[in-house]
Amino acid sequence: MTPRQLRRRLLKLVRPVLPTLGLSILFRTAGLTAGIALVAIAGWAVADITDCFWIPSDFGDFESCPFSFYTPALATLAVLALVKGLARYLEQYCGHYVAFRVLARLRLYFYEKLAPQAPAAVLGRETGDLLSRVTKDVDRVEVFFAHTIAPAVTAVIVPVAAVVFTAVAISPSAALTLAVGLALVGLATPARGRRASAEGATQIRRSRGELAGQVRDSVQGVREVIAFGYENRRLAQLEATGRGLGAGLKATGRTVAERRGLNVLI
Numbered sequence: 708m709t710p711r712q713l714r715r716r717l718l719k720l721v722r723p724v725l726p727t728l729g730l731s732i733l734f735r736t737a738g739l740t741a742g743i744a745l746v747a748i749a750g751w752a753v754a755d756i757t758d759c760f761w762i763p764s765d766f767g768d769f770e771s772c773p774f775s776f777y778t779p780a781l782a783t784l785a786v787l788a789l790v791k792g793l794a795r796y797l798e799q800y801c802g803h804y805v806a807f808r809v810l811a812r813l814r815l816y817f818y819e820k821l822a823p824q825a826p827a828a829v830l831g832r833e834t835g836d837l838l839s840r841v842t843k844d845v846d847r848v849e850v851f852f853a854h855t856i857a858p859a860v861t862a863v864i865v866p867v868a869a870v871v872f873t874a875v876a877i878s879p880s881a882a883l884t885l886a887v888g889l890a891l892v893g894l895a896t897p898a899r900g901r902r903a904s905a906e907g908a909t910q911i912r913r914s915r916g917e918l919a920g921q922v923r924d925s926v927q928g929v930r931e932v933i934a935f936g937y938e939n940r941r942l943a944q945l946e947a948t949g950r951g952l953g954a955g956l957k958a959t960g961r962t963v964a965e966r967r968g969l970n971v972l973i
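The opening position of the sequence shown corresponds to residue 708 in the numbering used here, with each subsequent residue numbered one higher.
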């Protein structure tokens, strides 16, 4: 299956809980907007407070605005911080509700499709590999529903809205500067290490299945392993599979680290 076909199949599973997924997107949009407003209002308040200060030439004591000058800005920042935290919680709650509902459906789907084809469908497959697919591989789908769909949608909505607002409320040149930075983060950064990340993910999935099968066989057949003096060879095989899994994890971890570093830099 291509990634597009896989996404379509996964999205079909989410139809019964689409309203809850929509709420997750809505709350994430509200949280991101509140985060932007926190920075913008804080900057505006600092600029106004700086204008209000009067510092003598000898850098002695200075006069400042009365506390009532800061009150509206501080109150607004406090409310926005609470809104941002609450929106984050509700976004995560709705997203994980959808994810766990879909995981339950997906495991049933896996079994319903596999059971009628047994034993032909399982011949030549490691039991540990099948177990790994129905547990760890299915669990990875949780990331798609709880941590991918809402961020992907809001990664388009919020930046576009921010650029438009900046162009109207501040200046087109400021909006252009913002748009360039957002375009680099949204287009250039994801392209970094894309192939290595995909290959690493494939290696992780394959190695996990092999490792699960080898551990199962080693535990169930421990008497045979010892009787035939196969302990060292079996341990070496497990170690080699573990190294392959570690290499895949290292490749994907390196790519994630590089992307996050580039995002912060830009």
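Even for Gly, the Cβ is constructed at its ideal location relative to N, Cα and C.
query                                                                                                                           : result
Unbroken alpha helix (DSSP H) run spanning residue 932, endpoints                                                               : 929-934
Straight-line Cα distance separating residue 791 from residue 929                                                               : 55 Å
Distance, residue 718 Cα to residue 896 Cα                                                                                      : 26 Å
Inter-residue CB distance, residue 735 and residue 861 (contact presumed, cutoff 8 Å)                                           : 5 Å
Spatial neighbours of residue 724 in its chain, beta-carbon cut-off 8 Å, leaving aside the 5 residues before and after          : 804, 805, 808 and 809
C-alpha distance - residue 924 paired with residue 910, whole-angstrom precision                                                : 21 Å
Endpoints, the alpha helix (DSSP H) within which residue 893 is located                                                         : Taken as a continuous stretch (DSSP letters only), residue 893 belongs to no alpha helix (DSSP H), as it is neither H nor E.
Minimum length 4: unbroken alpha helix (DSSP H) runs contained in the segment 849-900                                           : 856-876 and 879-890
Local Cβ density within 10 Å of residue 732, reported as buried at 16 or more and exposed below that                            : buried
Buried versus exposed, by CB contacts within 10 Å (16 or more), residue 857                                                     : buried
Exposure of residue 917, with buried meaning 16 or more beta-carbon neighbours within 10 Å                                      : buried
Pairwise C-alpha distance: residue 919 and residue 749                                                                          : 52 Å
Cβ neighbour criterion (16 or more within 10 Å) applied to residue 866                                                          : buried
Own chain residues within Cβ distance below 6 Å of residue 904, not counting five before or after                               : 959 and 962
Nearest-angstrom Cα separation, counted from residue 926 out to residue 684                                                     : Since the displayed the chain opens at 708 and closes at 973, residue 684 lies outside it and no answer follows.
Segment limits, alpha helix (DSSP H) that includes residue 709                                                                  : Where residue 709 is concerned, there is no enclosing alpha helix (DSSP H), given that its DSSP letter is neither H nor E.
Close Cβ partners of residue 886 (< 6 Å) along its chain, the five nearest in sequence each way excluded                        : 870
Sequence-distant residues of its chain with Cβ nearer than 7 Å to residue 741 (five each side left out)                         : 787, 790, 791 and 794
8 Å Cβ cutoff met for residue 814 and residue 720                                                                               : no
Residue 907, buried or exposed, once every other Cβ within 10 Å from all chains shown has been counted against 16               : buried
Euclidean distance between Cα positions of residue 783 and residue 743                                                          : 13 Å
Cut-off 8 Å between Cβ atoms - residues of its own chain near residue 728, not counting five sequence neighbours on either side : 721, 801, 802, 805, 852, 856 and 857
Through-space distance from residue 848 to residue 713, alpha-carbon basis                                                      : 11 Å
Spatial distance of residue 944 from residue 952 (CA atoms)                                                                     : 13 Å
Spatially closest choice to residue 781 from 971, 893, 711 and 755, by CA coordinates                                           : 755
Exposure of residue 738, with buried meaning 16 or more beta-carbon neighbours within 10 Å                                      : buried
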